[in-house]
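Residue numbers (our numbering), protein chains in the order written: chain A, 1 to 294; chain B, 295 to 519.
Structure representation (structure tokens):
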């Protein structure tokens, strides 16, 4: 909590009294919000026990939640693998020695980074279905995976590039001086270090992908959000169904975030984490100092 | 190709995108600032509440929030954001609830951007301010917050760009913005790459200047350390 120590002194008696008042205010705020929501739920008959208990029945799980969850994870898993491949190829392309290749990869990456995922999903879905690229039952999955791959792959390409850039210059120079060719330097010296450094960011990107699979419901992909909507119509308990599915999403994503944090701490303990000095707004010279990586 | 595009009000659709982005950006900035203040405050319970909000909202899909805003609060809880009897009540509620959901969602990211700005201020700055005898309020006003805001410019810019792109999600509840119009055109006419490129270019045009502006702003305002 470095923010705390910058902003605040150790509290004296008056500050402590003020903090106590603010604590009471915070508790009242929280209780009032929960109370208002529950009161509104009650007024509209959303607190009937059956509406909530049905969520734990076997039918709901076997027919909606488990299939939806599997579809969500399936799309996310395929997308992360493809996005990683895309990101590696285009990230290396942007670092290539050939200007034309660098330029083409740069345009592609910047383009897909600035186009909304949903726009790509709508387009790829109609494109696939009107041109019969895949069989019709695979089209939604293909559209989701394509859009997520192109967007997140571009983001990962940028991660690769900035990861390689943040390495000390001496690493590449040492590689060249022992007689490796530039592509060899990239493959066997720079990439492995950049990849370990960007591992936390990669896990974070997985959260983004998992959340964005929910866009699939717009192109009729039967994932977890679609399951929530189906439960809502089937059992007329829309609000409980949405809240329940939101909790599932939050639990999965939050644990991924925790994993990302652990990985980051572990890497920085080993001295291989993201290089803070070089990353922050590109402080020139900070990495030129060539502090040893480990 | 051009005659197909001329039949549709593409600029109007992008105008809706801009309006969505504008109003939800303001909302997100207001909520996000309150959250950021809570998260860096010395009061434990406020910090916890802020962290709870950020962790909850940041890990929920935006699509879920937008679907829920119209299905839950509007249809079931009957919370209308416009005059219920006006003929355009449904459309207007769609737009306004989409703005609410977008603001609520991006507020979490605004909060984190502002907080990261506070984190760029070295501890020595506060200590130096105290040691020359500034009071708490003075050191906050004169030394820490100015640096914190300047450090937050670049991440705030990325949030604004993400928000602009995320307005497309409002199309899932039928808000007539750019991506909904594109899927209509594709449905009615042809799934040609040109149509996609026109709309994609529209978004590039919307987001590119924002990115350039915020990057140059953050460079200009960067605190030399």
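Ideal Cβ positions, reconstructed from N, Cα and C, are used throughout, including at glycine.
Handout entry: Segment contact, 8 Å Cβ cut-off, at least three pairs: the stretch 348-362 of chain B with the stretch 247-259 of chain A
Key = Three or more Cβ pairs drawn from the stretch 348-362 of chain B and the stretch 247-259 of chain A lie within less than 8 Å of each other, which places the two stretches in contact.
Problem - Classification of residue 9(A) by the beta-carbon crowding that lies within 10 angstroms, buried from 16 upward - result: Counting from one through the first chain, the residue named residue 9(A) turns up at place 9. When all chains shown are included, residue 9(A) counts as exposed.
Problem - Proximal residues to residue 517(B) (C-beta, below 6 Å), its chain only, five neighbours per side dropped - result: Stepping through the second chain from its first residue, residue 517(B) is reached at position 223. Cβ neighbours of residue 517(B) beyond the five flanking positions: 441 and 444.
Exercise for the section: State yes or no: is the beta carbon of residue 481(B) nearer than 8 Å to at least one beta carbon in chain A? Expected result: Counting from 1 along the second chain, the entry for residue 481(B) is found at position 187. At least one chain A Cβ lies under 8 Å of residue 481(B).
Handout entry: Per-residue contacts from residue 253(A) into chain B (C-beta, under 7 Å)
Key = In the first chain, the residue the question calls residue 253(A) occupies position 253. The answer, in chain order, is 353.
Problem - CB contact below 8 Å: residue 301(A) versus chain B - result: It is not possible to answer for residue 301(A), since the shown part of chain A is limited to 1 through 294.
Practice task
Work out the CA separation of residue 161(A) and residue 100(A) for me, nearest whole Å.
Solution key: The count along the first chain starts at 1 and reaches residue 100(A) at position 100. The count along the first chain starts at 1 and reaches residue 161(A) at position 161. The straight-line gap separating the alpha-carbon atoms of residue 100(A) and residue 161(A) is approximately 17 Å.
Handout entry: Start and end residues, alpha helix (DSSP H) containing residue 347(B)
Key = Within the second chain, the letter at position 53 stands for residue 347(B). Its alpha helix (DSSP H) spans residues 338-352.
Practice task
Consider the Cβ of residue 506(B): report whether some Cβ of chain A lies at a distance smaller than 8 Å.
Solution key: One-based indexing of the second chain puts residue 506(B) at position 212. Chain A contact via Cβ: absent.
Problem - Three-state secondary structure (DSSP) of residue 471(B) - result: Within the second chain, the letter at position 177 stands for residue 471(B). Residue 471(B): coil per DSSP, three-state reduction.
Exercise for the section: Establish whether the CB of residue 229(A) and some CB of chain B are separated by less than 8 Å. Expected result: Position 229 of the first chain holds residue 229(A). Residue contact with chain B for residue 229(A): present (Cβ-Cβ distance below 8 Å to some residue of chain B).
Exercise for the section: Note down, in chain order, each residue of its chain lying with its Cβ closer than 7 Å to the Cβ of residue 125(A), except the 5 sequence neighbours on either side. Expected result: Position 125 of the first chain, counted from the start, is the residue given in the question as residue 125(A). Excluding positions up to five away in sequence, the list reads 139, 140, 143 and 219.
Problem - Candidates 115(A), 156(A) and 113(A), of which the one nearest residue 92(A) by Cα - result: One-based indexing of the first chain puts residue 92(A) at position 92. That would be 156(A), whose Cα lies nearest to the Cα of residue 92(A).
Practice task
Can you grab the Cα-Cα spacing for the pair residue 49(A) / residue 27(A), in whole Å?
Solution key: Position 49 of the first chain, counting from 1, holds the residue named residue 49(A). Position 27 of the first chain, counting from 1, holds the residue named residue 27(A). Here the alpha carbon of residue 49(A) sits roughly 27 Å from the alpha carbon of residue 27(A).
Exercise for the section: Label residue 497(B) either buried or exposed according to how many other C-beta atoms from any shown protein chain fall within 10 Å of its C-beta, with 16 as the threshold for buried. Expected result: Stepping through the second chain from its first residue, residue 497(B) is reached at position 203. Counting of Cβ neighbours within 10 angstroms places residue 497(B) among the buried residues, the total reaching 16 or more.
Practice task
Count the other CB atoms, across all protein chains shown, that sit within 10 Å of the CB of residue 369(B); report buried if there are 16 or more and exposed otherwise.
Solution key: Indexing the second chain from 1 puts residue 369(B) at position 75. Around the beta carbon of residue 369(B), fewer than 16 other beta carbons lie within 10 angstroms, which makes this residue exposed.
Exercise for the section: Determine whether the Cβ of residue 501(B) lies closer than 8 Å to any Cβ atom of chain A. Expected result: Counting from one through the second chain, the residue named residue 501(B) turns up at place 207. Closer than 8 Å: yes.
Problem - Test: residue 301(B) CB closer than 8 Å to a CB of chain A - result: Along the second chain, one-based indexing puts residue 301(B) at 7. For residue 301(B), the answer is no, since every Cβ of chain A falls outside 8 Å of its Cβ.
Handout entry: chain A within 8 Å of residue 420(B), Cβ atoms only
Key = Counting from 1 along the second chain, the entry for residue 420(B) is found at position 126. Closer than 8 Å to some Cβ of chain A, the Cβ of residue 420(B) qualifies, so yes.
Practice task
Just list the alpha helix (DSSP H) runs in the stretch 356-397 of chain B, keeping only unbroken ones of 4 residues or longer that don't cross its boundaries, in chain order.
Solution key: Fully enclosed alpha helix (DSSP H) runs of 4 or longer: 356-363.
Problem - Reduced DSSP category for residue 289(A) - H, G, I as helix; E, B as strand; rest coil - result: Here residue 289(A) refers to the residue found at position 289 of the first chain. In this predicted model, residue 289(A) has a pLDDT of only 31, less than 50, meaning its place in the structure is not dependable; the value taken from the coordinates is given anyway. Coil, per DSSP.
Handout entry: For residue 65(A), the three-state DSSP class (helix, strand or coil)
Key = As a position in the first chain, residue 65(A) is number 65, starting the count at 1. Residue state, collapsed to three classes: helix.
Exercise for the section: Please confirm if residue 250(A) has its CB atom under 8 Å from at least one CB of chain B. Expected result: As a position in the first chain, residue 250(A) is number 250, starting the count at 1. By the rule that beta-carbons nearer than 8 Å mark a contact, residue 250(A) touches chain B.
Practice task
Check whether the stretch 299-312 of chain B touches the stretch 485-500 of chain B, taking contact to mean three or more Cβ pairs, one atom from each stretch, closer than 8 Å.
Solution key: Contact between the stretch 299-312 of chain B and the stretch 485-500 of chain B is present, because at least three Cβ pairs lie under 8 Å.
Problem - residue 223(A) burial status per 10 Å Cβ neighbour count (16 or more: buried) - result: Stepping through the first chain from its first residue, residue 223(A) is reached at position 223. Residue 223(A) counts as buried, since no fewer than 16 other beta carbons sit within 10 angstroms of its beta carbon.
Problem - Secondary structure of residue 98(A), DSSP reduced to three states - result: Taking the first residue of the first chain as 1, we reach residue 98(A) at position 98. Coil, per DSSP.
Handout entry: CB of residue 239(A) within 8 Å of CB of residue 46(A), strictly
Key = The count along the first chain starts at 1 and reaches residue 239(A) at position 239. The count along the first chain starts at 1 and reaches residue 46(A) at position 46. Yes. Within cutoff.
Handout entry: Same chain, Cβ closer than 7 Å to residue 489(B), five either side skipped, listed in chain order
Key = The residue labelled residue 489(B) in the question sits at position 195 within the second chain. 476, 479 and 480.
Handout entry: chain B residues whose Cβ lies nearer than 9 Å to that of residue 154(A)
Key = If you number the first chain from 1, residue 154(A) lands on position 154. Going along chain B, no residue has its Cβ under 9 Å from residue 154(A), so there is no contact; the nearest lies around 13 Å.
Problem - For residue 344(B) and residue 405(B), believed in contact at Cβ under 8 Å, the rounded distance - result: Position 111 of the second chain, counted from the first residue, corresponds to residue 405(B). Position 50 of the second chain, counted from the first residue, corresponds to residue 344(B). Correct: roughly 7 Å between the Cβ atoms.
Problem - Supposed contact pair residue 200(A) and residue 263(A) - C-beta distance, whole angstroms, cut 8 Å - result: For the purposes of this step, residue 263(A) is taken as the residue at position 263 of the first chain. For the purposes of this step, residue 200(A) is taken as the residue at position 200 of the first chain. The beta carbons of residue 263(A) and residue 200(A) sit about 5 Å from each other, so the pair counts as a contact at 8 Å.
Exercise for the section: Step through the CB atoms of chain B and report whether any lies within less than 8 Å of the CB of residue 285(A). Expected result: Along the first chain, one-based indexing puts residue 285(A) at 285. Interpretation of residue 285(A) is limited by its pLDDT of 32, a score under 50 that renders its predicted location unreliable; the figure taken from the coordinates is listed afterwards. It does not: the Cβ of residue 285(A) has no partner Cβ on chain B nearer than 8 Å.
Exercise for the section: Would you please verify whether the beta carbon of residue 468(B) is less than 8 Å from any beta carbon of chain A? Expected result: Counting from one through the second chain, the residue named residue 468(B) turns up at place 174. For residue 468(B), the answer is no, since every Cβ of chain A falls outside 8 Å of its Cβ.
Exercise for the section: Count the other C-beta atoms from every protein chain shown that fall within 10 angstroms of the C-beta of residue 510(B), then say buried if there are 16 or more, exposed otherwise. Expected result: Start at 1 with the first residue of the second chain, and residue 510(B) comes out as number 216. Counting C-beta atoms within 10 angstroms of its own C-beta, residue 510(B) has fewer than 16 neighbours from the protein chains shown and is therefore classed as exposed.
Handout entry: Delimiting residues of the alpha helix (DSSP H) encompassing residue 303(B)
Key = Taking the second chain and counting its residues from 1, one reaches residue 303(B) at position 9. According to the DSSP assignment, residue 303(B) belongs to no alpha helix (DSSP H), since it is labelled neither H nor E.
Problem - Rounded Cβ spacing between residue 148(A) and residue 462(B) (contact assumed at less than 8 Å) - result: On the first chain, position 148 is the one that residue 148(A) refers to. On the second chain, position 168 is the one that residue 462(B) refers to. Contact doesn't hold; Cβ gap of about 14 Å is too wide.
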